[in-house]
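Novice: Chains as they are written, first to last, in this note's numbering: chain B, 1 to 475; chain Y, 1 to 475. Backbone N, C-alpha and C define an ideal beta-carbon position, used for all residues, glycine too. Note that this is a predicted model, so its numbers are computed, not measured. Submitted below is the structure of interest, expressed as C-alpha cells.
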C-alpha cells in the first residue's frame, strides 16, 4: 500500500494525502456519529484530472474508494468501513462555480461547491436554484446529486434529479465521462445522467454538473399554522394547492413534541401562537416581483381553512425577520433532537391518501414496542414524506437511551413493515448508504435487486466504488 | 422456428400470432415509409403475462424481439430489419387504463393505451396529462415512454421522462420487473425507471406505467404571431416568460415555407394574417378556471412586442374554433410535407442562445450543397428544438426528388456537424432508432459509447432486444 500512497502523493501533492489520525478524524465519522470507520488515507484532489488519477491509481492497486462531499449524510454513505483499507476521496477542494448562464437558465459547478454557494451564484444573476436543505451551509452539490437529495422545495421544483441537465463523472476505471450538457432535450441514448444521480458514489465519482435555474421568487408569504391532525394538514394542502396553485412552494409539518424540543433548546426560539397544538404546518407561497397578491391569497386560504376546521390558528410573517423565525422552528428540529439523548431516525414516504391513517395508527404500535418512546415527527407533508424520528423515553426526567437502543430494531421494523404494506418508501430522500442497504433489499423483489446488481457489475466489475453502500451484498 | 411459432400460438392464442404477408404488412413498414423490413411473425399479446411468455419463448429460441406501439416513430425504431428473422411484439391489444387517482395525481396505464386516451382519462377527473404530439390519436404511451417523446407541452411540463413515476417492464429474459410506484420521493436504489425511459425497447418491453397528472387548464389564450426572424422569436420568448410566467404553455415556431405547404394542402386552412411573414410563432397561455386574466396578459405582451419590433402582427383566437384553426396551422405541417415529394427530416436542439445565429447561417450552407432545396422549418423554439426539414428543390414546378436524394447525406452531415459544433443534439425528441444510431455514436466520446454498450450488455447479454436500434453495433 505504500506504493499506492506514493503514487497518490505524486498525483495530487503530498499535502492533500492525509494519513495521520488527527487529520483523518473528521472524514471517517459521519454526521450522526453512528458510523465511525477507518481509512487507509483521505485524499483531497483539486481537479477532475486529479480525481481521475486517484481513482485510476486505486483501481490499479485494487483499493476501494469512498467519495465524500460535505459529510452531512444521514445513512453512512460517505464514510469508510472499519477495515482501514479504503481511501476516502473528498471533493472538498473542488469549489469552483464554472459558469452561470441566466439566459439558458443553467449553472455549471464543481461537485464540491457547497449548496448555499450554488444558491448564491444563482441569486447574483437574479435566478433561483431552488434546492433547500437544513445542511445547505455545509453539504455539497456532488453529495446532493449522489443522494438525489430532497428538502423543502421538492413540492414545487422536484427532487435533485429533476434539477440536473448534465454531469461529469470519473468512472471506476479512472476515465472521465463528459456529459456536461445544458440541453433540455437530447434523445441520443440511455439517460446516463440519471443513472449516476442517486447512485451514492457506487458507479463513479461525480465531479461536475450542469444544473437548472429558475426565475427568482423575491416575494414570499409565510405562515405558521396550528392544525388539529395530519388528516387536517392533508386537507389544508389540497386547499392551498387550489388557492395558490404554482405559487405554493413550501408545505412542511411538525408535531408538538418536535416544536417543544426546538423551544427548549434553540436559542431565541419562541412559540408564535398562544395555545399549543398537536400539529403545525409551515406554509409558504413564493412569487416574482410582480406577484403582489401573495399575502392576500394566504390570508384568504387560511380564513377558509379556519372556517372549515382544518386549521385552528395561524401566525403570518409580517417581515423578513419574522419569516426567518418561523423557518427556524422547522429547520431547527434536526439539530436540537440530538440534545436530548439517543434518537432513531426514519425517512419514509406514504402515498398521500394513506398518510393520515398511517400516522394515526403507527404511534400506538410503537408505544407497545417501547413504552414512553417520544415521537418527534416532521417533514415534507406535501410530498407524503415524514421524518418519523424517535427519542428515547424519559425515566426520572432523563433520557433512557438504553431502552431505545434495546427496542431500536423492533421499532424500525414496525415502521418499515407498515410503510411497505402501504406501498410507501423506507427512504424518501436520505438514500440507503450503509444503514438501509439490507433493509431496502428485503422489501424489493428479487428481479429488482438483480437489476441493481447487474448495473453495478456493468460499471464497476471490480466492486471498488463505495462497496457496501446502496447495492446489497450477495448473500 | 416452427417450434417457436407453435409455442407463441399456445401462449397467446393462434389469432394473435400473425404470419401472413397481408396481416403483417402494416407492422413491418414505418410511418415515414423509409424503413420496410420483414418479420418472422407479428405477435399481439393481451396482457403483461403474455408479453412475458412471448419474450421468454423468443429468448429461449435465440430470436430477436422488436417492440412496437402505434408505429408512428420517425427513426425506424419500431420496425424489424430485412432479415425476416425478428418477431414484432405489438402492444396494441394492451389498452387498459388501470387506475386513475386524482388525489395522488396519478394514472396507471397499459403500455398500449393511445396517448389521446390517456389525456381523456385525466380530463374525466378534471386533471391534465400534458403530453401532446401531432400523432396523439394513434401513438401509444409505451412508445412515448420508450422514445422519451417531446411535443408541444415540454416547455411547461417537461419531456415524457419527467411525467413518469413508475414502470412495469418485461426484461429480456422474460421476467417482469414491477416498478409501478406512484411516489414522488423514493430513494431506495438506482433509478431503474429512467433507465428504461428512452431506451427504445433495447433493454426490455415496457408494459405499464404510472404517470403524473396535473391540475386541469381549461382556460387558454392563443395567438398566431408574425415575427421578423428567429432572433425576434427568441426575444419574444423571453418577453412571454416575463409576462406570463408559468402560464406560458406553448411557444412554437414555423417558417413561411412550412405555412405555405399547409395553406396549399390542408383542407380549410387559411392565413389568419393579411401580410405574409418569414416566420411565425404560435403562443399559448393556459390556466385554471380562476385564471381570468390570460387574454389580457397575452394582449399586453403582444402589444409590447409589436412596439419593440419583435412581433409584426398577431391574430388572437376569439373562440375555441379559432384556437383550433391556429393549432391546425402548426400541427398540419408534418402531414402536408409529404404531399410535395421527397423530404429529409432533422430534429435538432441548439442551446437557445445559439439558435438564431445557427438558423441564419445554416440555410445558405444548405443551398450550396443542394441549390433550390426548400427549408421547411418548424418546432419547439421554447426548448431550442427545431424540426429542420427539407423538401426537394423544384424543377419545372415539380419536386426534383432525385436532386434531394443525391445530396441527402451531405445535407444531413452539414446540419449535424454544425449542431455538434454548437454543443447541440442531433435528436431532440425523436430518438435514434435505426436512422440515427451510427451518426449519434460518431458525435459521442468513446467513453459514452462504452457506457451505453455496458448497460445494454448488462441487461440484454444475448442482444435480442431490438438489435440495431439505439446502441451502435461493434463494427
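Buried or exposed for residue 15(B), going by 16 or more other Cβ atoms inside 10 Å?
Specialist: Your numbering for residue 15(B) matches position 15 in the first chain. So residue 15(B) counts as exposed.
Novice: Measuring CA to CA, which of 275(Y), 417(Y) and 463(Y) is closest to residue 442(Y)?
Specialist: Numbered from 1 along the second chain, position 442 holds the residue referred to as residue 442(Y). Selected option, being the one with the closest Cα: 417(Y).
Novice: Can you confirm whether residue 191(Y), when its beta carbon is compared against all beta carbons of chain B, has any partner nearer than 9 Å?
Specialist: By one-based count along the second chain, residue 191(Y) stands at place 191. Output row for residue 191(Y): interface = yes.
Novice: Among 111(Y), 458(Y), 184(Y) and 255(Y), which has the Cα closest to the Cα of residue 172(Y)?
Specialist: Counted from its first residue, the second chain places residue 172(Y) at position 172. Out of 111(Y), 458(Y), 184(Y) and 255(Y), 458(Y) has the C-alpha closest to the C-alpha of residue 172(Y).
Novice: Between the region 18-33 of chain Y and the region 67-78 of chain Y, can you find at least three pairs of beta-carbon atoms closer than 8 Å?
Specialist: Flag = yes, the region 67-78 of chain Y and the region 18-33 of chain Y touch.
Novice: Ignore the nearest five residues each way along the sequence and tell me which others in residue 139(B)'s own chain have a CB closer than 8 Å to its CB.
Specialist: Here residue 139(B) refers to the residue found at position 139 when the first chain is read from its first residue. Non-local beta-carbon contacts of residue 139(B) in its own chain, meaning distances under 8 Å to residues more than five positions away in sequence, involve 69, 70, 72, 114, 115, 133 and 149 in chain order.
Novice: Which residues bound the alpha helix (DSSP H) around residue 389(Y)?
Specialist: The count along the second chain starts at 1 and reaches residue 389(Y) at position 389. Careful: residue 389(Y) lies outside any alpha helix (DSSP H), inside the beta strand (DSSP E) at 385-391.
Novice: Out of curiosity, what's the CA-to-CA distance linking residue 160(Y) and residue 393(Y)?
Specialist: The count along the second chain starts at 1 and reaches residue 160(Y) at position 160. The count along the second chain starts at 1 and reaches residue 393(Y) at position 393. If I take the Cα positions, the gap works out to 36 Å.
Novice: Check whether the region 277-287 of chain B touches the region 227-234 of chain B, counting contact only when three or more Cβ pairs, one atom from each stretch, lie closer than 8 Å.
Specialist: yes
Novice: For residue 526(Y), which residues in chain B fall below 9 Å Cβ to Cβ?
Specialist: In the structure displayed, chain Y extends from 1 to 475; residue 526(Y) sits before or after that span and is not available.
Novice: Look at the alpha carbon of residue 400(B) and the alpha carbon of residue 333(B), and state the distance between them as a whole number of angstroms.
Specialist: In the first chain, residue 400(B) corresponds to position 400, counting from 1. In the first chain, residue 333(B) corresponds to position 333, counting from 1. The straight-line gap from Cα to Cα measures roughly 20 Å.
Novice: Could you tell me if residue 57(Y) is buried or exposed, where buried requires 16 or more neighbouring beta carbons within 10 angstroms of its beta carbon?
Specialist: Indexing the second chain from 1 puts residue 57(Y) at position 57. The residue in question, residue 57(Y), is buried, as its Cβ has 16 or more Cβ neighbours within 10 Å.
Novice: Taking the C-alpha atoms as reference points, what is the distance between residue 314(Y) and residue 223(Y)?
Specialist: Residue numbering aside, residue 314(Y) sits at position 314 when the second chain is read from its first letter. Residue numbering aside, residue 223(Y) sits at position 223 when the second chain is read from its first letter. Taking the straight line joining both Cα atoms gives about 6 Å.
Novice: Does the beta carbon of residue 211(B) come closer than 9 Å to any beta carbon on chain Y?
Specialist: In the first chain, counting from the first residue as 1, residue 211(B) sits at position 211. It does not: the Cβ of residue 211(B) has no partner Cβ on chain Y nearer than 9 Å.
Novice: To which residues of the same chain is residue 323(Y) closer than 7 Å at the C-beta, ignoring the five residues directly before and after it?
Specialist: The residue you call residue 323(Y) lines up with position 323 of the second chain. Answer for residue 323(Y): 220, 222 and 317, listed in chain order.
Novice: Could you tell me if residue 367(B) is buried or exposed, where buried requires 16 or more neighbouring beta carbons within 10 angstroms of its beta carbon?
Specialist: The sequence position of residue 367(B) within the first chain is 367, counting from 1. So residue 367(B) ends up on the exposed side.
Novice: Jot down the residue ranges of each uninterrupted alpha helix (DSSP H) in the region 76-142 of chain Y, minimum 4 residues, whole runs only, in chain order.
Specialist: 115-124
Novice: Once the 5 residues before and after residue 431(B) are set aside, which same chain residues still bring their CB inside 6 Å of it?
Specialist: For this step, residue 431(B) is matched to residue 431 along the first chain. Closer than 6 Å at the Cβ level, and outside the excluded window around residue 431(B), lie 75, 77, 147 and 200.
Novice: When the Cα atoms are used, what is the spatial distance from residue 240(B) to residue 301(B)?
Specialist: For the purposes of this step, residue 240(B) is identified with residue 240 of the first chain, where counting begins at 1. For the purposes of this step, residue 301(B) is identified with residue 301 of the first chain, where counting begins at 1. Answer to the nearest angstrom: the Cα atoms are 7 Å apart.
Novice: Quick one: grab the DSSP three-state call for residue 10(Y).
Specialist: Working through the second chain from its first residue, we reach residue 10(Y) at position 10. Of the three classes helix, strand and coil, the one that applies to residue 10(Y) here is helix, per DSSP.
Novice: Rounded to the nearest angstrom, what separates residue 303(B) and residue 237(B) at their Cα positions?
Specialist: Start at 1 with the first residue of the first chain, and residue 303(B) comes out as number 303. Start at 1 with the first residue of the first chain, and residue 237(B) comes out as number 237. Cα-Cα distance, rounded: 14 Å.
Novice: Would the region 109-128 of chain Y count as touching the region 405-419 of chain Y if we require 3 or more Cβ pairs under 8 Å?
Specialist: no
Novice: Since I believe residue 376(B) is in contact with residue 390(B) (beta carbons under 8 Å), could you give me their beta-carbon distance rounded to a whole number of angstroms?
Specialist: In the first chain, the residue the question calls residue 390(B) occupies position 390. In the first chain, the residue the question calls residue 376(B) occupies position 376. Going by Cβ atoms, the distance from residue 390(B) to residue 376(B) rounds to 7 Å, so yes, they are a contact pair.
Novice: Just the Cα atoms here: how many angstroms apart are residue 169(B) and residue 250(B)?
Specialist: To locate residue 169(B), count along the first chain from 1; it is residue 169. To locate residue 250(B), count along the first chain from 1; it is residue 250. Residue 250(B) has its alpha-carbon roughly 32 Å from the corresponding atom of residue 169(B).
Novice: Indicate whether at least one CB of chain Y lies closer than 9 Å to the CB of residue 323(B).
Specialist: In the first chain, the residue the question calls residue 323(B) occupies position 323. Output row for residue 323(B): interface = no.
Novice: So, for residue 452(Y): in the same chain, excluding its five sequence neighbours on each side, which residues have a beta-carbon less than 7 Å away from its beta-carbon?
Specialist: As a position in the second chain, residue 452(Y) is number 452, starting the count at 1. Closer than 7 Å at Cβ, skipping near neighbours: 471.
Novice: Going along chain B, which residues have a C-beta under 9 Å from residue 198(Y)?
Specialist: Residue mapping note: residue 198(Y) aligns to position 198 of the second chain, counting from 1. Going along chain B in sequence order, the residues near residue 198(Y) (Cβ under 9 Å) are 187, 189, 190 and 191.
Novice: Does residue 333(Y) get closer than 9 Å to chain B when you measure Cβ to Cβ?
Specialist: On the second chain, position 333 is the one that residue 333(Y) refers to. No, no contact with chain B.
Novice: At least one CB of chain B closer than 9 Å to the CB of residue 176(Y): is that the case?
Specialist: As a working mapping, residue 176(Y) is identified with position 176 in the second chain. Yes, residue 176(Y) lies at the interface with chain B (some Cβ there is under 9 Å from its Cβ).
Novice: Are the C-beta atoms of residue 241(B) and some chain Y residue less than 9 Å apart?
Specialist: By one-based count along the first chain, residue 241(B) stands at place 241. So yes, residue 241(B) belongs to the interface.
Novice: Looking at residue 191(Y): is its Cβ nearer than 9 Å to the Cβ of residue 195(B)?
Specialist: Within the second chain, residue 191(Y) is the residue found at index 191, counting from 1. Within the first chain, residue 195(B) is the residue found at index 195, counting from 1. For residue 191(Y) and residue 195(B), yes; Cβs fall inside 9 Å.
Novice: With a threshold of 8 Å, are at least 3 pairs of Cβ atoms found where one atom belongs to the region 345-359 of chain Y and the other to the region 374-388 of chain Y?
Specialist: yes
Novice: Can you pull the DSSP bridge partners for residue 187(B)?
Specialist: As a working note, residue 187(B) is residue 187 in the first chain. Per the DSSP secondary-structure output, residue 187(B) pairs with nothing in a beta bridge.
Novice: What residue range is occupied by the uninterrupted alpha helix (DSSP H) comprising residue 221(Y)?
Specialist: Locating residue 221(Y) in the second chain gives position 221, counting from the first residue. Membership of residue 221(Y) in any alpha helix (DSSP H) is not indicated; the residue belongs instead to the beta strand (DSSP E) covering 219-227.
Novice: For residue 461(B), count the other beta carbons within 10 Å of its own beta carbon; 16 or more makes it buried, fewer makes it exposed. Which is it?
Specialist: Within the first chain, the letter at position 461 stands for residue 461(B). Exposed is the call here.
Novice: How would you list, in chain order, the residues of chain B whose beta-carbon sits under 9 Å from the beta-carbon of residue 104(Y)?
Specialist: For the purposes of this step, residue 104(Y) is identified with residue 104 of the second chain, where counting begins at 1. What residue 104(Y) touches in chain B: 351, 352, 353 and 384.
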